[in-house]
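Below is one structure, written out as structure tokens, with a few remarks after it.
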Amino acid sequence: MTHAVEANCDGLVGPTHSFAGLAPGNLASEIHKGEASDPRSAVIEGLSKMRRLHDLGLPQFVLPPQERPDTGFLRSLGFGGTDAAVIEAAARVAPELLNTASSASPMWAANAATVTPSADAADGRVHFTPANLLTNLHRSLEGEQTTRSLRRLFPDETRFAVHDPLPAQPHFADEGAANHVRLCADHGEAGVNLFVYGRDAWEPWAGRYPARQTLQAFEAVQRRHGAGGAVFARQARAAIEAGVFHNDVVCVGARTCLFFHEAAFEDRDAMIADVRSAAQDHGGGFEPVFVEIAEADLPLGEAVKSYLFNSMLVSLPGEDRLTLIAPMETAETPRAHAAAQGLVSGNGPIGRVEYVDVRQSMRNGGGPACLRLRVVLTDEELAATNPGQRFDPALQGRLEDWAGRRYRDRLLPADLADPMLLVESRTALDELTQILDLGGDFYPFQR
Ligand code: SUG
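In this text, residue positions in the sequence shown follow the numbering used here: the first is 641, and each later residue adds one.
In structure tokens form, the structure reads like this:
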């Protein structure tokens, strides 16, 4: 059996992190619209979470923020002149476009790509399809730079295949790993790939909120990657209506364990049967363990508010049972806290719960699970990654110092109109390319 580990690649929060309410159906984003954000605390919170995972013994990587405001996007819409003139004119005539161009949303790395580990891929490479994220305008700006970013971190084409995003058409609306769960007996063995979609692109969608992931997008990803053990399951329509804009708001899995809310899937029984049979056919016959929280114990609305399921579920070296890394908000929501306590008190697969403070991200609907992209890597694959992006306490120190010097600690959406913010952001990102060894042409402004 090949030895493999699950690495986490976390998105570093960018200097323009703000609460502009850009994501309909993401209730936290709607609720906090217009509030002042604190980009500096946001980046420190993210780094502290990375430190926690590093200290627990898992390989940790840093994915850089993207260049924001995206002046190229604004220029393509007819704003011209100097960069300052572009910002000023957009702020005056189309502030929503400026907010869109300024979002720090690439921080949510669970939406960076869908990943197939080499154990599951037909050609034995690790496959990535960067998400086109085309349901939300601000997120549709991410795919191209995410592709560049993943190719920088995973440069060796004999081991890694970083595809282009799927065609940018609504039929292929794709939100990446936030709607994908991999189960397996062991990380290095072939497993089950559960692809969860919100809608079938050939059917009309009349929901109040968008269904961001199509079946057709995931079918294409599965074909490109040659991913074995595939199961396609539909999100419950009622869950999307209740604010489950990605399946990872109500579901997370690791190793043999799938942890989910009763109301997550349109046809829960079919999902369970399909996962069981894929585990037989492709996963070497492992027995999946379904840990389900009932509506009676935790109503769906409280699951969404507390983000219990938007936790990281990790298998730590030397431990049989899994550890759940949940947001503080779970501990502060009585029934969600009780559900978490209930997990560890039994003999189930989850043996421990820890809490992390990622409040700045949470206010935009991004919990601990949203901030990371999981990539299962063999020892050889791990050694082929860009060492400049490998997290350790020394890198944490450098990045905290960098953010302390370069980031603001208060930003209102109206402040996005300040042309100095663009200058500050580029100065910060330029320095970052050296810290993370990204090369001198990583960002559009450097080219
Ligand atoms: O796409 N929020 C993100 C949160 C993504 C969470 N990711 C996962 N569930 N994996 C989104 O809705 C809000 C940005 C704003 O409103 O400014 C935002 O895009």
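Where is the CB? At the ideal position from N, CA and C, for every residue including glycine. Note that the coordinates shown come from a computational prediction; the quantities given were computed from them, not determined experimentally.
Taking three-plus beta-carbon pairs below 8 Å as touching, is the stretch 663-675 in contact with the stretch 1070-1087? No: fewer than three Cβ pairs fall under 8 Å.
Tell me which same chain residues have a C-beta within less than 6 Å of the C-beta of Val929, skipping the five on either side of it? Along the sequence shown, read from residue 1 onward, the residue named residue 929 stands at position 289. For Val929, same chain residues with a beta-carbon under 6 Å away, outside a window of 5 residues either side, are Thr896, Cys897, Pro989 in chain order.
Does the beta-carbon of Thr754 have 16 or more other beta-carbons within 10 angstroms, so that it is buried, or is it exposed? Here residue 754 refers to the residue found at position 114 of the sequence shown. It counts as buried.
Roughly how many whole angstroms lie between the Cα atoms of Phe713 and Arg779? What you label residue 713 is simply residue 73 of the sequence shown in a count that begins at 1. What you label residue 779 is simply residue 139 of the sequence shown in a count that begins at 1. Rounded to whole angstroms, Phe713 to Arg779 spans 12 Å at the Cα level.
On the CB-based measure, 16 or more other CB atoms within 10 Å of its CB, does Asn950 come out buried or exposed? Position 310 of the sequence shown holds residue 950. Its Cβ being crowded by 16 or more others within 10 Å, Asn950 is buried.
Can you tell me which of the three DSSP states Arg822 falls into? One-based indexing of the sequence shown puts residue 822 at position 182. Arg822 carries a strand assignment under DSSP once its states are collapsed to helix, strand and coil.
Less than 8 Å between C-beta atoms, sequence neighbours within five positions excluded: which residues of the same chain meet that for Ser1011? If you number the sequence shown from 1, residue 1011 lands on position 371. Looking at the sequence shown, residue 1011 is not Ser but Leu. Apart from the 5 residues on each side of it in sequence, Leu1011 sits with its Cβ closer than 8 Å to the Cβ of Asp650, Gly651, Gly686, Lys689, Met747, Trp748, Ala749, Ala750, Val998, Ser1001 in its chain, given in chain order.
Just list the beta strand (DSSP E) runs in the stretch 782-820, keeping only unbroken ones of 3 residues or longer that don't cross its boundaries, in chain order. List check, beta strand (DSSP E) in window: 800-802.
At a cut-off of 7 Å, is Ser745 close to the ligand SUG when judged by its beta-carbon and the heavy atoms of the ligand? Within the sequence shown, the letter at position 105 stands for residue 745. Checking every heavy atom of the ligand SUG against the Cβ of Ser745, one is found closer than 7 Å.
Tell me, please, whether the stretch 758-778 touches the stretch 864-875 by the rule of three or more beta-carbon pairs shorter than 8 Å. Taking a contact to require three or more Cβ pairs closer than 8 Å, the stretch 758-778 and the stretch 864-875 qualify as touching.
Thr769 - containing beta strand (DSSP E), residue span: Indexing the sequence shown from 1 puts residue 769 at position 129. Where Thr769 is concerned, the enclosing beta strand (DSSP E) stretches over 766-770.
Whole angstroms are fine: how far does the CA of Ala729 sit from the CA of Arg833? In the sequence shown, the residue the question calls residue 833 occupies position 193. In the sequence shown, the residue the question calls residue 729 occupies position 89. The sequence shown places Asn at residue 833, not Arg. Asn833 and Ala729: Cα-Cα distance of roughly 47 Å.
Quick one: does the C-beta of Cys1010 sit closer than 7 Å to a heavy atom of the ligand SUG? Looking up residue 1010 in the sequence shown gives position 370. With a cut-off of 7 Å, the C-beta of Cys1010 is classified as near the ligand SUG, since at least one heavy atom of the ligand falls inside that distance.
Report buried or exposed for Met952, applying the criterion of at least 16 other Cβ atoms within 10 angstroms of its Cβ. Numbered from its first residue, the sequence shown carries residue 952 at position 312. That one is buried.
What residues in its chain sit with their C-beta under 6 Å from that of Ser946, if we drop five residues either side in the sequence? As a first step, residue 946 must be located in the sequence shown, where it is residue number 306. Answer for Ser946: Glu969, Thr970, Thr973, Ala976, listed in chain order.
Quick one: Cα of Arg1087 to Cα of Ala943, how far? Your numbering for residue 1087 matches position 447 in the sequence shown. Your numbering for residue 943 matches position 303 in the sequence shown. One C-alpha to the other measures close to 44 Å.
Cβ-Cβ distance between Phe659 and Pro1027 below 8 Å: Taking the sequence shown and counting its residues from 1, one reaches residue 659 at position 19. Taking the sequence shown and counting its residues from 1, one reaches residue 1027 at position 387. No; because the gap between Cβ atoms is not below 8 Å, this pair is not in contact.
Residues sharing a beta bridge with Ala647, DSSP: Locating residue 647 in the sequence shown gives position 7, where the first residue counts as 1. Here Ala647 is bridged, per DSSP, to Val1015.
Taking C-beta to C-beta, are Gly665 and Gly883 nearer than 8 Å? Numbered from 1 along the sequence shown, position 25 holds the residue referred to as residue 665. Numbered from 1 along the sequence shown, position 243 holds the residue referred to as residue 883. Taking 8 Å as the Cβ cut-off, Gly665 and Gly883 qualify as a contacting pair.
Does the pairing of the stretch 825-844 with the stretch 783-799 give three or more beta-carbon distances under 8 Å? Counting Cβ pairs under 8 Å, fewer than three are found: no touch.
Rounded to the nearest angstrom, what separates Gly783 and Thr775 at their Cα positions? Position 143 of the sequence shown, counting from 1, holds the residue named residue 783. Position 135 of the sequence shown, counting from 1, holds the residue named residue 775. In a straight line, the C-alpha of Gly783 is about 12 Å away from that of Thr775.
Beta strand (DSSP E) containing Glu881: first to last residue? If you number the sequence shown from 1, residue 881 lands on position 241. Run containing Glu881: none in the beta strand (DSSP E); it sits in the alpha helix (DSSP H), 877-881.
Would you grab the beta carbon distance between Gln706 and Gly654 for me? Rounded to a whole angstrom, and I think it's under 8 Å. The residue you call residue 706 lines up with position 66 of the sequence shown. The residue you call residue 654 lines up with position 14 of the sequence shown. About 7 Å separates the beta carbons of Gln706 and Gly654, which is inside the 8 Å limit, making them a contact pair.
What is the DSSP secondary structure of Gln1029, counted as helix, strand or coil? Within the sequence shown, numbered from 1, the residue matching residue 1029 stands at position 389. Look at Gln1029 here: in three-state DSSP terms it is helix.
Please determine whether the Cβ atom of Tyr837 lies at a distance below 7 Å from any heavy atom of the ligand PLP. In the structure on display, the ligand PLP does not appear, and the ligands it does have are the ligand SUG.
Opposing strand residues paired with His901 [DSSP bridges]: Along the sequence shown, read from residue 1 onward, the residue named residue 901 stands at position 261. Looking at the DSSP output, His901 sits in a beta bridge with Ile933.
Identify every residue that forms a DSSP beta bridge with Ile990. For this step, residue 990 is matched to residue 350 along the sequence shown. Answer by DSSP bridge pairing, in chain order: Leu962.
Paired residues, beta bridge with Leu1052 - DSSP: Numbered from 1 along the sequence shown, position 412 holds the residue referred to as residue 1052. Partner(s): none; Leu1052 has no beta bridge.
Can you tell which of Arg708, Thr769, Phe768 has the C-alpha that lies nearest to the C-alpha of Ser745? Working through the sequence shown from its first residue, we reach residue 745 at position 105. The closest CA to that of Ser745, considering only Arg708, Thr769, Phe768, is found on Arg708.
Under 7 Å from any heavy atom of the ligand SUG, does the C-beta of Val871 make it? Residue numbering aside, residue 871 sits at position 231 when the sequence shown is read from its first letter. False, no ligand heavy atom lies under 7 Å from that Cβ.
Please go through the same chain and pick out, in chain order, the residues whose beta-carbon is closer than 6 Å to the beta-carbon of Ala918, but skip the five residues on each side of it. Working through the sequence shown from its first residue, we reach residue 918 at position 278. So the list reads Val832, Gly869, Val871, once near-sequence residues are dropped.
Pull up the distance between the alpha-carbon of Tyr1083 and that of Gln785, whole angstroms please. What you label residue 1083 is simply residue 443 of the sequence shown in a count that begins at 1. What you label residue 785 is simply residue 145 of the sequence shown in a count that begins at 1. Whole-angstrom Cα-Cα distance: 8 Å.
With the cut-off set at 8 Å, would you say Glu906 and Ile933 are in Cβ contact? Translated into positions along the sequence shown, residue 906 becomes position 266. Translated into positions along the sequence shown, residue 933 becomes position 293. Their beta carbons are not under 8 Å apart, which means Glu906 does not touch Ile933 by this criterion.
From this set, Asp921, Leu940, Thr854, which residue's C-alpha is nearest Cys891's C-alpha? Within the sequence shown, residue 891 is the residue found at index 251, counting from 1. Comparing Cα positions, the closest option is Leu940.
Extent of the continuous beta strand (DSSP E) to which Gln700 belongs: Within the sequence shown, the letter at position 60 stands for residue 700. Unbroken beta strand (DSSP E) run through Gln700: 700-703.
Buried or exposed: where does His922 fall if 16 or more other Cβ atoms within 10 Å of its Cβ makes it buried? The count along the sequence shown starts at 1 and reaches residue 922 at position 282. By the 16-neighbour rule on beta-carbons within 10 angstroms, His922 is buried.
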